[in-house]
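Student: From first to last, the protein sequence lines are chains A and B. In terms of my numbering, the first sequence has 141 at position 156, counting the first letter as 1, and numbering is strictly consecutive. In terms of my numbering, the second sequence has 208 at position 223, counting the first letter as 1, and numbering is strictly consecutive. After the structure tokens below, expect a handful of questions from me.
Number of protein chains: 2
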Amino acid sequence: MKTTTLPLFDRPEGMTTHDYAFARLRQAIMVGSFRPGTSVTIRGLAEALESSPTPVREALRQLTSIGALQFLENRRIVVPRITPARFEELISLRIALESHAARRAVAHLSERQIERIAAIDDSIEDEINRGDQVAALIANQAFHRTIYTANPDQIVMPLIESVWLQLGPILGIAMEHVSELYVVDRHREAIEALRRRDEDAVADAIAADIREGIGGFDQQAVAHLLKLAA
Amino acid sequence: MKTTTLPLFDRPEGMTTHDYAFARLRQAIMVGSFRPGTSVTIRGLAEALESSPTPVREALRQLTSIGALQFLENRRIVVPRITPARFEELISLRIALESHAARRAVAHLSERQIERIAAIDDSIEDEINRGDQVAALIANQAFHRTIYTANPDQIVMPLIESVWLQLGPILGIAMEHVSELYVVDRHREAIEALRRRDEDAVADAIAADIREGIGGFDQQAVAHLLKLAA
DNA sequence: TTTGCAAAAATGTGATCACAAAATGAGATT
DNA sequence: AATCTCATTTTGTGATCACATTTTTGCAAA
């Protein structure tokens, strides 16, 4: 029996067992803690989370709704496998969704919020220098999320996070094989564009950031990574 | 006690109770059977579906993951309310997602598939003439879905359907107050563009279809509808 | 060593129950 | 008539169990 390693996660007071299980598993998948093809069991996770099947099953069901997991025909629960074509599809979706979200956030961002975003960008570099890949990844997600969620009535963030979740497993593999995370410096560009309230430039910077970051892996590189992981 | 009316739905052999509950409720919300703000109960639905709380609760949890329902702080389960701003957000997301999906589907569509799409378009008009709004709506969704899912490795369809689900409740209200469903004839335009393999023209036609169809309701019209429904 | 098959274990599913929290309603008070 | 209080009911939560299916294991035959 292999013990499933889950990232640490403080359980806030009053959080239901189900919500805790969901948040914990979601976070684990998002930062690449599970490899593609990994299979999980309800009872196994219930034990790892010190609870019972019912809330865990609900959490797993929710995770399948957002593409983070898959219930197979034979009732097995697995982390979806990634193909180069699927990867390309995910990246192009990220670009479409996030340029859209970024463009529509511009008008809602205050000067103060933009400074906060710049601070988050600085923290990304700090984490990279400290060699903490997962922390850098989380900070990078916070950078994007903080921009997009400036728009108060927005629906798009859950959809974007669904795509992030689906990219999580390959991201985990990439982190194992890339000695250092390099972040293309499109963030500064995006921040400058935010200050100028230039919606097109913001959208372009975000698109370029994705394309040159994780999106920079071409199909061959992804195929290579998947071969290494197999 | 009010009996919840759910659209008919044959239960395929071998389908689990949970899957059935999920499909049934999802379909009901998608075609506007629930009004915004409606609250549902686990036990109530379990009784209506002749099953027990466990599978129903799982289905409800999944539906919240895709924005079709909401678990409130006080543990009440409701159909999300719509504001004019949220409505506008949903429409702009539909345009972004569906133009993207349509563009990327073009290369995968065979002549035969395009003819099938044209046939679906004809059936929409039939249903409108027969006065069956729900059937027309379902056929319209099939028209869009058939185009987008021509791309085999696509991830976008579940995201699009999440947006459709969130538009469902207001769509139901609109159907109550609009005597006849008018469908803008952008479908022919899209089909012609598909035949020419003109990706830009397809994307434009789909965007226009959404903008002039349900997207044609401006914020005032939506506010008016919501007032009527309240 | 490999293959085939039956027993055993593991696993998802769904119903049920006890519990706590929230909502509801009746009756008293102002 | 309106408001507050408290008992009752409703409702979500989570643990448990029985059942059916699938997977794994163990052992014998080729």
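Cβ atoms here follow ideal geometry from the backbone N, Cα and C, with glycine treated the same way. Keep in mind that this is a model prediction, so the values were computed, not measured.
#1: If you follow the alpha helix (DSSP H) that A:Ala103 is part of, which residue opens it and which one closes it?
#2: What residues match up with A:Ser24 in a beta bridge as DSSP calls it?
#3: Quick one, which residues of the stretch 122 to 141 of chain B are near chain A if we go by CB-CB under 9 Å, in chain order?
#4: According to DSSP, what are the bridge partners of A:Gln55?
#5: Do you know how far the Cα of A:Glu96 is from the Cα of A:Lys(-13)?
#6: Look up A:Thr131 in the DSSP assignment and say whether it is helix, strand or coil.
#7: Answer yes if the stretch 182 to 192 of chain A comes into contact with the stretch 34 to 48 of chain A, meaning at least three C-beta pairs across the two stretches below 8 Å, and no otherwise.
#8: So is B:Leu57 buried or exposed if we call it buried at 16+ other beta carbons inside 10 Å?
#9: Do three or more CB pairs link the stretch 188 to 203 of chain A to the stretch 77 to 86 of chain A at distances below 8 Å?
#10: Under the rule that 16 or more other beta-carbon atoms within 10 Å means buried, what is A:Gly157, buried or exposed?
#11: Note down the Cα distance separating A:Asp111 from A:Ile51, rounded to an integer number of angstroms.
#12: Which value, in whole angstroms, describes the spacing of the CA atoms of A:Ala190 and B:Arg171?
#13: Name the two residues that bound the continuous alpha helix (DSSP H) containing B:Ser18.
#14: Compare the C-beta of B:Leu211 with all C-beta atoms of chain A and state if any pair is closer than 9 Å.
#15: Okay, do the stretch 128 to 140 of chain A and the stretch 4 to 12 of chain A touch, 3+ Cβ pairs below 8 Å being the bar?
#16: Please check if any C-beta of chain B sits within less than 9 Å of the C-beta of A:Ala81.
#17: Please report how far the alpha carbon of A:Ile67 lies from the alpha carbon of B:Arg89, in whole angstroms.
#18: Rounded to whole angstroms, what is the Cα-Cα separation between B:Ala186 and B:Ile102?
#19: Taking beta-carbon pairs under 8 Å, can you tell me which members of the stretch 0 to 21 of chain B lie near chain A?
Tutor: According to the data block:
#1: Here the alpha helix (DSSP H) through A:Ala103 covers Glu96 to Arg115.
#2: DSSP output for A:Ser24 lists A:Val63 as bridge partner(s).
#3: Look at the stretch 122 to 141 of chain B: the residues with a C-beta under 9 Å from a C-beta of chain A are Asn136, Pro137, Asp138, Gln139, Ile140 and Val141.
#4: BP columns for A:Gln55 point to A:Val63.
#5: Here A:Lys(-13) scores only 35 on pLDDT, less than 50, and its place in the model should not be relied on; the value that follows carries that caveat. For A:Lys(-13) and A:Glu96, the distance between alpha carbons rounds to 49 Å.
#6: It is helical.
#7: With the cut-off at 8 Å, the stretch 34 to 48 of chain A and the stretch 182 to 192 of chain A do not touch.
#8: Exposed, by the Cβ-count rule.
#9: The stretch 188 to 203 of chain A vs the stretch 77 to 86 of chain A: in contact.
#10: A:Gly157 should be labelled buried.
#11: Taking the straight line from one Cα to the other gives about 31 Å.
#12: It is roughly 33 Å from the alpha-carbon of A:Ala190 to the alpha-carbon of B:Arg171.
#13: No alpha helix (DSSP H) contains B:Ser18, which DSSP labels as neither H nor E.
#14: It does not; no Cβ of chain A falls within 9 Å.
#15: Touching, no, given that fewer than three Cβ pairs across the two stretches are closer than 8 Å.
#16: For A:Ala81, the answer is yes, since a Cβ of chain B falls inside 9 Å of its Cβ.
#17: Separation of A:Ile67 and B:Arg89 (C-alpha to C-alpha, rounded to the nearest whole angstrom) is 19 Å.
#18: So the alpha carbons of these two residues sit roughly 16 Å apart.
#19: For the stretch 0 to 21 of chain B, residues whose beta-carbon sits nearer than 8 Å to a beta-carbon of chain A comprise His3.
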